[in-house]
Amino acid sequence: MNQPSDFLSVADLQPEGVAGAVERALDLKSGADPGRPLDGMVAALLFDKPSLRTRGSFEVGIRQLGGDCVYFAPEDVGLGRREPVSHVARVLERWFDLVIARVFSHDALTELADGASVPVINALSDAEHPCQAMADLLTLRERRGSLAGARLAYVGDGNNVAASLAIACGSVGAHFSMASPPGYRVAGGAWEEALRRAGGTGGSVSWHAGPAEAVGGADAVYTDVWVSMGDEAEARERLRAFDGFQVGPELMEAAGPGAVFMHDMPAHEGEEVAPGMLDHPRSVVFDQAENRLHAQKAIMLGLMA
Numbered sequence: 001m002n003q004p005s006d007f008l009s010v011a012d013l014q015p016e017g018v019a020g021a022v023e024r025a026l027d028l029k030s031g032a033d034p035g036r037p038l039d040g041m042v043a044a045l046l047f048d049k050p051s052l053r054t055r056g057s058f059e060v061g062i063r064q065l066g067g068d069c070v071y072f073a074p075e076d077v078g079l080g081r082r083e084p085v086s087h088v089a090r091v092l093e094r095w096f097d098l099v100i101a102r103v104f105s106h107d108a109l110t111e112l113a114d115g116a117s118v119p120v121i122n123a124l125s126d127a128e129h130p131c132q133a134m135a136d137l138l139t140l141r142e143r144r145g146s147l148a149g150a151r152l153a154y155v156g157d158g159n160n161v162a163a164s165l166a167i168a169c170g171s172v173g174a175h176f177s178m179a180s181p182p183g184y185r186v187a188g189g190a191w192e193e194a195l196r197r198a199g200g201t202g203g204s205v206s207w208h209a210g211p212a213e214a215v216g217g218a219d220a221v222y223t224d225v226w227v228s229m230g231d232e233a234e235a236r237e238r239l240r241a242f243d244g245f246q247v248g249p250e251l252m253e254a255a256g257p258g259a260v261f262m263h264d265m266p267a268h269e270g271e272e273v274a275p276g277m278l279d280h281p282r283s284v285v286f287d288q289a290e291n292r293l294h295a296q297k298a299i300m301l302g303l304m305a
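According to the working numbering, numbering within the sequence shown proceeds without interruption in unit steps and concludes at 305.
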């Protein structure tokens, strides 16, 4: 099976490639020695948005694989503002072996990948957050033992995280049920891809108008912020629309005794998540954060093999 040249979306991996990357990440976390496959290589971390988990996990992972990296803060580059994206791509490819980009615009990310001859990894865009979804699958795999037939309920905004999760679950035969207000569903292209993949793996993808409908029988209940970076102007409207969609102990009880609570963090306690849920006995949010390291190492190994 051919590896993709970039990782901009979970859909860049075939369904078996998604499952394989999760197993590779599990092996790495269990202590498998990958050697130093990035020895002599340098990665560019091009960030339009601030980050704790993404930057930290990538820098550690690159160095554990034998490589090095250079971090570019938002004010250093101004992707598409100070100079065209295509020019940035052509400069970076002359110095670096890999580009890891955390950007506002997925279109800019695509242009960057099209213009650079080296692999580009999506460390977050407005359309998808594929590295987070791969870490989430790893977390669910650890907890459940198998991803096929797993039930993940997502309650909240159909944002980049939800889009990547839907495609990821559909790829591995898991069941993804989402609850959101009607105007905040996952965008059509990502939803259609998730449905297509689920149809071939035995999984399912479904949308529900209310949280209780989505979480019944779930192995995991997942939520994310209602107001993402870049959506601040819509904050009041969004908070009003998501009234009744908060994940708390009562909703977890509706999911069943074995369900875990998931959130990619940072969280807005009192909004999408009830205070105390991050430290709840069922919370696996810090496992998710740790697993960013292992999932991203697996992704880099696949791209740079």
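For glycine and all other residues, C-beta sits at the position ideal for the given N, C-alpha and C.
Alpha carbon to alpha carbon, what distance is there between His87 and Arg94?
11 Å
Hey, out of Ser5, Ala255, Met229 and Phe104, whose CA is closest to Gly216's CA?
Ala255
Starting from Asn159, follow the beta strand (DSSP E) in both directions and report where the run begins and ends.
No beta strand (DSSP E) contains Asn159, which DSSP labels as neither H nor E.
Buried or exposed by the 16-neighbour rule on C-beta atoms within 10 Å, applied to Phe58
buried
In whole angstroms, what separates the C-alpha of His263 from that of Ala274?
12 Å
Leaving out five residues on either side along the sequence, give the residues of the same chain with a beta carbon under 7 Å from the beta carbon of Gln288.
Ala135, Asp136, Thr139, Met262 and Asp264
Ala150 vs Ala174 beta-carbon contact at 8 Å:
yes
Residue environment, Asp6, which counts as buried when at least 16 other CB atoms sit within 10 Å
buried
DSSP beta-bridge partners of Arg151
His175
So Met300 and Gly61 are supposed to be a Cβ contact under 8 Å. How far apart are they, rounded?
7 Å
The beta strand (DSSP E) enclosing Val70, as first and last residue numbers:
Asp68 to Phe72
For Phe96 and Ala148, which I take to be in contact (beta-carbon distance under 8 Å), what is that distance rounded to the nearest angstrom?
With a Cβ gap of about 38 Å, Phe96 and Ala148 do not count as contacting.
Let me know if Pro211 comes out buried or exposed under the rule of 16 or more other beta-carbons within 10 Å of its beta-carbon.
buried
Please state the DSSP three-state secondary structure of Arg102.
strand
With a threshold of 8 Å, are at least 3 pairs of Cβ atoms found where one atom belongs to the region 6 to 22 and the other to the region 155 to 168?
yes
Could you round the C-beta distance between Asn306 and Ala123 to whole angstroms and report it? I think they count as a contact, below 8 Å.
Residue 306 lies beyond the range of the chain shown here (1 to 305); nothing can be said about it.
Length of the line joining the Cα atoms of Glu142 and Met252:
20 Å
Please check the pair Arg81 and Phe47, which I expect to be a contact at CB under 8 Å, by giving their CB distance rounded to whole angstroms.
Going by Cβ atoms, the distance from Arg81 to Phe47 rounds to 14 Å, so no, they are not a contact pair.
Test item: CB-CB of Pro84 and Lys49 under 8 Å:
no
Through-space distance from Pro249 to Met1, alpha-carbon basis:
Interpretation of Met1 is limited by its pLDDT of 40, a score under 50 that renders its predicted location unreliable; no figure is taken from the coordinates.
Taking the alpha-carbon of Leu52 as reference, which of Gly302, Lys297 and Arg292 has the nearest alpha-carbon?
Arg292
Sequence-distant residues of the same chain with beta carbon closer than 6 Å to Ala383, five excluded per side
Because the chain spans 1 through 305 in this model, residue 383 falls outside it and cannot be assessed.
May I ask which residues mark the beginning and end of the beta strand (DSSP E) holding Val120?
Val120 to Leu124
Quick one, which of Ser283, Gly66 and Asp157 has its alpha-carbon nearest Met229's?
Asp157
Sequence-distant residues of its chain with Cβ nearer than 6 Å to Glu290 (five each side left out)
none
Ala214 and Val260 closer than 8 Å at C-beta
no
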